[in-house]
Amino acid sequence: MKKAFKIIISGGGTGGHIFPAIAIANEVKTAYPQAEVLFVGALGKMEMEKIPEAGYAIVGLPMAGLQRSMSLKNLTLPFKIGKSLRLAGKIINDFKPDVIVGVGGYASGPLLWMAARKGIPCIIHESNSYAGLTNRLLAKRAKIVCVAHNNMERFFPKEKIRLTGNPVRNSIVPVTEKLRQEGCRFFGIDPTRICILVVGGSLGARTLNNCVQTYTQQYGAASPAEVIWQCGGYYRQTCEAFVQAHPTTWLHLHPFINRMELAFAVADVVISRSGASTLAELCVAGKAVIFVPSPNVSEDHQTHNAMALVNQQAALMVPEDQAAETLMQTALNLAHQAEQKASLEHNISKLAQPNAVEAIVHEIIHLIKS
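Residue 285 in the numbering used here sits at position 98 of the sequence shown; the count goes up by one each step and never skips.
Below you can see the structure in the form of structure tokens.
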């Protein structure tokens, strides 16, 4: 395509939406350097920091989600939606995009709604195996719905569905011995010892953090495994205080891990939430994983995501209410069960979709041309 075109990518809220969005933008710019890419996110959310760090411009909308509990914040929601719709319309008028891509998150709703009203073609990317309400509603106005799982016709019109997979950061690759050695040096891991990676997502997970703390108090200096612990920025202060009060040589605390490919490489077993992007990365890396789905997400989609792999013998799952009693011991047991661990790694690798971002960008370009 010779003509320089313009794309708006909208969404965010968590790394699970942000990193795939950046991957899409990077692929667009690699294939079409003259293309202009603008992001639209939600004010106060992590995309307002992470997108500029990746080198892209972003505009924020004052959008927020509905609080599940009785909250005065819900009273202001209609005003935020109205203002976001007006701002979304102005952004579209000023930028004049050829296509808009929604990746999920608060901001994608108002922007795609206004785009459809203005006749701008839209693509939705649904990363989860159980589609969220916002995307189910927006799909009526979208031209194409890119999905990562089979059997999504129960949520979207069959003729709009394209099975592309979930984009992953280009740094995430199948684990090699060279990468493992680099990871051991990076994290200060003893390569002769078992290593467990505990990652609760970009925001952190209280239950997983509590499990690590209980494990640390139980084993003290005598842990049979090294533990890399991503606690999340939200829990940084309390977790750092815990580590200071319980010093060890085997516990490696990180509020956020930028070199996740190295963390995957050194880990014998990964303990993780089951957000869609995390699943995609674990499949590409080919890791034995124990999922602990978050119960605090809409429509329990993390459990649906995890079970999609568990049902194919590609992962294990420990429910949230059982994690305190069984999680860390389950991870230790798995690390010592070479045959089961190898089977999980083999099965999860078969589910990898490493060319997902290329497939999505192909759909974007095809839509612009048509």
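Where a beta carbon is used, it is the ideal one built from N, C-alpha and C, also for glycine.
*Would you mind reading off the limits of the beta strand (DSSP E) that contains Leu440?*
One-based indexing of the sequence shown puts residue 440 at position 253. 438-441 is the span of the beta strand (DSSP E), which, as asked, contains Leu440.
*Limits of the unbroken beta strand (DSSP E) element including Gln417*: Here residue 417 is taken as the residue at index 230 of the sequence shown, counted from 1. 412-417 is the extent of the beta strand (DSSP E) around Gln417.
*Counterpart residues of Lys193 in DSSP-defined beta bridges*: Residue mapping note: residue 193 aligns to position 6 of the sequence shown, counting from 1. Glu223, per the DSSP bridge assignment.
*Assigned exposure category for Glu526 - 16 Cβ within 10 Å defines buried*: Residue 526 sits at position 339 when you count from the first residue of the sequence shown. With fewer than 16 other Cβ atoms within 10 Å, it is exposed.
*How would you write the range of the alpha helix (DSSP H) that Gly202 sits in, first residue to last?*
Taking the sequence shown and counting its residues from 1, the one referred to as residue 202 is at position 15. If you look at Gly202, you'll find it in the alpha helix (DSSP H) that goes 202-218.
*Where His560 falls, given that 16 or more other Cβ within 10 Å makes a residue buried*: Within the shown structure, residues of the chain are numbered from 188 to 557, placing residue 560 beyond reach of any answer.
_Ile359, DSSP secondary structure in three states_ = The sequence position of residue 359 within the sequence shown is 172, counting from 1. Correct three-state label for Ile359: coil.
*With distances taken Cα to Cα, identify the nearest neighbour of Pro344 among Asn353, Val334, Gly352.*
As a working note, residue 344 is residue 157 in the sequence shown. Ranking Asn353, Val334, Gly352 by Cα distance to Pro344 puts Val334 first.
*Can you give the Cα-Cα distance for Cys398 and His336, rounded to whole angstroms?*
Here residue 398 corresponds to residue number 211 of the sequence shown, with the count starting at 1. Here residue 336 corresponds to residue number 149 of the sequence shown, with the count starting at 1. Answer to the nearest angstrom: the Cα atoms are 31 Å apart.
*Within the same chain, show all residues whose beta-carbon is closer than 8 Å to that of Met257, passing over the 5 residues directly before and after it, in chain order.*
Within the sequence shown, the letter at position 70 stands for residue 257. Bear in mind that a pLDDT of 49 at Met257, under 50, signals an unreliable position, so the number given afterwards is only what the model happens to contain. Same-chain partners within the cutoff: there are none.
_Among Ile477, Ala244, Ser461, nearest to Thr582 - alpha-carbon criterion_ = Limits of the chain in this structure are 188 at one end and 557 at the other, which puts residue 582 out of reach.
*asked:* If you reduce the DSSP assignment to three classes, tell me which class Gly462 lands in.
replied: Your numbering for residue 462 matches position 275 in the sequence shown. Taken through DSSP and simplified to helix, strand or coil, Gly462 comes out as coil.
*What residue does the alpha helix (DSSP H) around Glu427 start on, and which one ends it?*
Indexing the sequence shown from 1 puts residue 427 at position 240. In this chain, the alpha helix (DSSP H) harbouring Glu427 covers 423-432.
*Roughly how many angstroms separate the alpha carbons of Lys237 and Ser464, rounded to a whole number?*
For the purposes of this step, residue 237 is taken as residue 50 along the sequence shown, with counting starting at 1. For the purposes of this step, residue 464 is taken as residue 277 along the sequence shown, with counting starting at 1. Approximately 16 Å between the Cα atoms of the pair.
*Residues that Cys309 bridges to, as DSSP identifies them*: For the purposes of this step, residue 309 is identified with residue 122 of the sequence shown, where counting begins at 1. The partner list for Cys309 (beta bridge, DSSP) reads Ile287.
*Excluding five sequence neighbours on each side, which residues of the same chain lie with their C-beta closer than 6 Å to the C-beta of Ala329?*
Working through the sequence shown from its first residue, we reach residue 329 at position 142. If we look at Ala329 and ignore the five residues flanking it on each side, its Cβ neighbours are Cys309, Ile311.
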